[in-house]
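Novice: Be aware that the sequence shown starts at 22, since it is given in my numbering, and climbs by one per residue.
All C-beta atoms, glycine included, are put in the ideal place defined by N, C-alpha and C.
The structure presented is a predicted model; accordingly, all values stated were derived computationally and were not measured.
Below are the structure tokens for one structure; questions will follow.
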Amino acid sequence: MGSWHLSVRTDRPVEGCEVTALAYLYQKSIKKKNGIPVESPQPPPPPTSEYELRFRWLRGPEAPVCAYDACPMSKNFSPLVWSTFARKQEISVQCVDDMMRRRMSIHRSSVFCGPKCFQGAWSTSLANGGHRLRAAGASEGPQRRERSESDAFPSQRPRDDSIEEDPTAWVEVCTNKVFNPSPKDVGRRFRLECTAVRRDGSPLFGPRSIRIEPVLAAPPPPPRRRLIASPNASSGGGHRFRVVSYNVLAEIYATQHAYPYCDFWALSWGYRCANLVREIQDAGADIVCLQEVQADYFEKDLKPRLYKAGFDGVFKAKTREAMGMAGKIDGCAIFWKRSKFRVTEQYSIEFNQIARSFAQAVAVSDEQERDMLNRLLKDNIAMVLVLEVLSRNPNRGPSHFCLANTHLYSNKDFPDVKLWQAHRLLMELEQLVLPRDMPLVFCGDFNSIPSSAVYELLSTSAVSDGHPDLGEDVARILPPTLEALQHNLCLMSAYAAVTGLEPVYTNYTQVFQGVLDYIWYSGQHLRPLGVLEVPTEEAIHSVGQALPNVQYSSDHVLMSVDLQLGGSLPQHRNPADKGQGGAGSSQQQSQSSSQQQQPQQYRKARR
């Protein structure tokens, strides 16, 4: 073992987005000589219980980011400008030729943000006859050539961190581990300083200081999306409310390996959380169903932030072990406006628990039971609430309705598991709502495209004979007859009911673009008044190659529907008419042939 080292790092700071300092003290290994271990010159660091890490965030002076005055990045610190996509992966350029630097009137440490800016600076120099170019930090006086290079460019600092700077130019702005940049920090460079201190307050190691790139401005909101109204939305009465369903991409899955086209700092939870919460609030929802909510960030971020916006919420984690530290597990969450609804009943459904009871009951041998459980135990869950409408006019319609939220298994090679999960969940919902004739709203990421058996079961109450997904029942987990694979909930898809078709996509990555998310409702009790259109491909490609990117912080899109509960409702299909389909089912065949007959190139089976 060797000397001690203090590792310090943090994400790029962005206005209004919390950034966390990460640090740890360790002892660096010493290489062996001829295979013989070298004796450590000092003992290893004490255990973390004997010391604490203290942080200082220091704001520095304004520093030019490019030596070319016309560079758009020199004045605009929007994430949309600073993303790798916007910069087209250009690399910084530094002029090393003394004669060229003198001709362009730039300091030896001046850096251009890319070849285009260097070319622009050179062209400007030629246009000026080789005379002075107004570059950031350049002297204004005509006697510039009589000064030394360092005097002529006092604000241009070398990039070498070892060169001393005026300590009075750096101001301490925060001493916490977590820092939230303000608008006055935008464009300023920061230093993060960390010191290891013993419990008695005496210094142990450090300080260690790192430089941080200029603070970026808060990302602008995405373009407003059009609300597509239902043709018969004007009439009705009853209770009206807006439901949002959104897979928000848990932090444990938001990696550069999964999304190499998205900047690392744009994948950080601090950045994405600010974007996601703003998008949810801007949607004007009364009910929010979220998938891929991480347990620790539900308690730390989503719950308190949405509580301030008037929401109460509950969370249910998947039934597997956490990935690493406590709280690193995703699940589903439901939020509701506490001024409009009150929870009267609450249930959670664990598919693993149902699978164990199911395998024990139907398996004819221990081997078959093991095969079934090996196929079915995927840790997915669902959550169900019964909400009471808080209305001053009780005669407007039913006072209670059922709300369900789920996230089915994602692996494309397990269509039988997804179908089994969907069918079992529908059976549970039937037992709850049918005896009471209770309205139902059913949201989620079903990881199933419109040509899948899951979609057919949900939309038509049955699965047709010969569906290709039925042939994937390798562990014999599906009902032996098609008559047993059905339900009587009379569900309709909100987007298909309003527009006649499902959206082109609800999940948009480099490897898959298609529909995986839906908002279903019971047609005999509810009527859709309008849905929020999904972002266009042009809007997505204007800021990134796919989702997520610097403006849209999930790989899924937010879905929203306005529903009417009670009042005058249109005629609904008879649940006994198996195979007739829900709204939009007649268009489903054309959509399946044009859009959905593509390989099910889902995201990697990471959930």
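Cβ of A101 within 8 angstroms of Cβ of D576?
Specialist: If you number the sequence shown from 1, residue 101 lands on position 80. If you number the sequence shown from 1, residue 576 lands on position 555. For the record, residue 101 in the displayed sequence is Leu; it is not Ala. Going by C-beta atoms, L101 is not nearer than 8 angstroms to D576.
Novice: Answer yes or no: do F76 and N197 have a C-beta to C-beta separation smaller than 8 angstroms?
Specialist: Taking the first residue of the sequence shown as position 1, residue 76 is located at position 55. Taking the first residue of the sequence shown as position 1, residue 197 is located at position 176. Cβ atoms of F76 and N197: closer than 8 angstroms.
Novice: Using 8 angstroms for Cβ pairs, my map puts K339 next to I350. What's the rounded Cβ distance?
Specialist: What you label residue 339 is simply residue 318 of the sequence shown in a count that begins at 1. What you label residue 350 is simply residue 329 of the sequence shown in a count that begins at 1. Sure, about 6 angstroms apart at Cβ, within 8 angstroms.
Novice: Taking the C-alpha atoms as reference points, what is the distance between E14 and C87?
Specialist: The question about residue 14 has no answer, for the chain in this structure spans 22 to 628.
Novice: Could you have a look at P449 and say whether DSSP puts it in helix, strand or coil?
Specialist: Start at 1 with the first residue of the sequence shown, and residue 449 comes out as number 428. First, the residue type needs correcting, since residue 449 is Glu and not Pro in the sequence shown. DSSP places E449 in helix when its eight states are reduced to three.
Novice: Can you tell me whether W191 is helix, strand or coil according to DSSP?
Specialist: Working through the sequence shown from its first residue, we reach residue 191 at position 170. Note: W191 maps to coil in three-state DSSP.
Novice: Just to confirm the assignment, what range does the alpha helix (DSSP H) spanning M393 have?
Specialist: Along the sequence shown, read from residue 1 onward, the residue named residue 393 stands at position 372. Unbroken alpha helix (DSSP H) run through M393: D387 to L397.
Novice: Can you tell me which of T276, S223 and R108 puts its alpha carbon nearest to the alpha carbon of Y72?
Specialist: Reading the sequence shown from its first residue, position 51 is the one you call residue 72. The option with the nearest alpha carbon to Y72 is S223.
Novice: Work out the CA separation of Y573 and E504 for me, nearest whole Å.
Specialist: Position 483 of the sequence shown holds residue 504. Position 552 of the sequence shown holds residue 573. Cα to Cα, the separation comes out at about 43 angstroms.
Novice: Could you have a look at S574 and say whether DSSP puts it in helix, strand or coil?
Specialist: On the sequence shown, position 553 is the one that residue 574 refers to. Here S574 sits in coil by DSSP.
Novice: Measure from the C-beta of C283 to each C-beta in chain C and report whether the shortest distance is under 8 angstroms.
Specialist: Here chain C cannot be found, since the structure has a single protein chain.
Novice: Please classify H260: does DSSP put it in a helix, a strand, or coil?
Specialist: For the purposes of this step, residue 260 is taken as residue 239 along the sequence shown, with counting starting at 1. Correct three-state label for H260: strand.
Novice: Measure the CB-CB distance between T527 and V578 and report whether it falls below 8 angstroms.
Specialist: For this step, residue 527 is matched to residue 506 along the sequence shown. For this step, residue 578 is matched to residue 557 along the sequence shown. In this structure, V578 lies closer than 8 angstroms to T527 by Cβ.
Novice: Give the range of the alpha helix (DSSP H) segment to which G291 is assigned.
Specialist: As a working mapping, residue 291 is identified with position 270 in the sequence shown. Here the alpha helix (DSSP H) through G291 covers W290 to D303.
Novice: Judging by CA-CA distance, which residue of V564, L440 and T69 is the nearest neighbour of F106?
Specialist: Residue 106 sits at position 85 when you count from the first residue of the sequence shown. F106 has its Cα closest to that of V564, out of V564, L440 and T69.
Novice: Are the segment 283-295 and the segment 27-36 in contact at 8 angstroms, needing three or more beta carbon pairs?
Specialist: The segment 283-295 vs the segment 27-36: in contact.
Novice: Can you tell me the Cα-Cα spacing of H562 and V410, whole angstroms?
Specialist: Locating residue 562 in the sequence shown gives position 541, where the first residue counts as 1. Locating residue 410 in the sequence shown gives position 389, where the first residue counts as 1. Distance between the alpha carbons of H562 and V410 is about 41 angstroms.
Novice: Along the chain, where does the beta strand (DSSP E) containing F336 start, and where does it finish?
Specialist: As a first step, residue 336 must be located in the sequence shown, where it is residue number 315. Looking at the DSSP string, the run of the beta strand (DSSP E) that includes F336 is F332 to A338.
Novice: Reducing DSSP to helix, strand and coil, say where M344 ends up.
Specialist: Residue 344 sits at position 323 when you count from the first residue of the sequence shown. Of the three classes helix, strand and coil, the one that applies to M344 here is coil, per DSSP.
Novice: Tell me, please, which residues DSSP counts as bridged to E366.
Specialist: Position 345 of the sequence shown, counting from 1, holds the residue named residue 366. E366 pairs with V407.
Novice: Less than 8 angstroms between the C-beta atoms of I301 and G352, yes or no?
Specialist: Taking the sequence shown and counting its residues from 1, one reaches residue 301 at position 280. Taking the sequence shown and counting its residues from 1, one reaches residue 352 at position 331. Cβ atoms of I301 and G352: not closer than 8 angstroms.
Novice: Buried or exposed for L43, please, with buried defined as at least 16 other CB atoms from any protein chain shown within 10 angstroms of its CB.
Specialist: Position 22 of the sequence shown, counted from the first residue, corresponds to residue 43. By the neighbour-count rule (16 or more Cβ atoms within 10 Å), L43 is not buried but exposed.
Novice: I need the DSSP call for F98, collapsed to helix, strand or coil.
Specialist: The residue given as residue 98 occupies position 77 in the sequence shown. Here F98 sits in coil by DSSP.
Novice: Classify Q315: buried if its beta carbon has 16 or more other beta carbons within 10 angstroms, exposed otherwise.
Specialist: Numbered from 1 along the sequence shown, position 294 holds the residue referred to as residue 315. Buried, because 16 or more other Cβ atoms sit within 10 Å of the Cβ of Q315.
Novice: Assuming V552 contacts T520 (C-beta within less than 8 angstroms), just tell me the rounded distance between them.
Specialist: Locating residue 552 in the sequence shown gives position 531, where the first residue counts as 1. Locating residue 520 in the sequence shown gives position 499, where the first residue counts as 1. V552 to T520, Cβ: 7 angstroms. Contact.
Novice: Judging by CA-CA distance, which residue of Q442, P419, F422 and F435 is the nearest neighbour of H428?
Specialist: Translated into the one-based positions of the sequence shown, residue 428 becomes position 407. The shortest Cα separation from H428 among Q442, P419, F422 and F435 belongs to Q442.
Novice: Helix, strand or coil, according to DSSP, for I470 in the structure here?
Specialist: On the sequence shown, position 449 is the one that residue 470 refers to. I470: coil per DSSP, three-state reduction.
Novice: Classify P82 as helix, strand or coil using the three-state DSSP reduction.
Specialist: Looking up residue 82 in the sequence shown gives position 61. Three-state result, P82: strand.
Novice: So what's M580 in DSSP terms, helix, strand or just coil?
Specialist: In the sequence shown, the residue the question calls residue 580 occupies position 559. If DSSP states are grouped into helix, strand and coil, M580 belongs with the strands.
Novice: Can you look up I561 in the DSSP assignment and give me helix, strand or coil?
Specialist: Within the sequence shown, the letter at position 540 stands for residue 561. I561: helix per DSSP, three-state reduction.
Novice: At the level of alpha carbons, what is the spacing between Y516 and L79?
Specialist: On the sequence shown, residue 516 is found 495 positions in, with the first residue counted as 1. On the sequence shown, residue 79 is found 58 positions in, with the first residue counted as 1. Distance between the alpha carbons of Y516 and L79 is about 50 angstroms.
Novice: Relative to the alpha-carbon of L237, which residue among S203, L512, P500 and H260 has its alpha-carbon at the smallest distance?
Specialist: As a position in the sequence shown, residue 237 is number 216, starting the count at 1. Closest by alpha carbon: S203.
Novice: By how many angstroms is the C-alpha of I470 removed from the C-alpha of S606?
Specialist: To locate residue 606, count along the sequence shown from 1; it is residue 585. To locate residue 470, count along the sequence shown from 1; it is residue 449. Any reading at S606 must be qualified, since the residue scores a pLDDT of 42, below 50, and its modelled position is unreliable; no value is offered.
Novice: Where do the N-terminal and C-terminal ends of the alpha helix (DSSP H) with K324 fall, by residue?
Specialist: One-based indexing of the sequence shown puts residue 324 at position 303. Segment K324 to K329, the alpha helix (DSSP H) holding K324.
Novice: Looking at S28 and K49, is the spacing between their C-beta atoms short of 8 angstroms?
Specialist: Here residue 49 refers to the residue found at position 28 when the sequence shown is read from its first residue. Here residue 28 refers to the residue found at position 7 when the sequence shown is read from its first residue. Cβ atoms of K49 and S28: not closer than 8 angstroms.
Novice: Pair every Cβ in the segment 460-467 with every Cβ in the segment 529-542, then say whether three or more of these pairs are closer than 8 angstroms.
Specialist: Yes, since at least three Cβ pairs between the segment 460-467 and the segment 529-542 fall closer than 8 angstroms, the two stretches touch.
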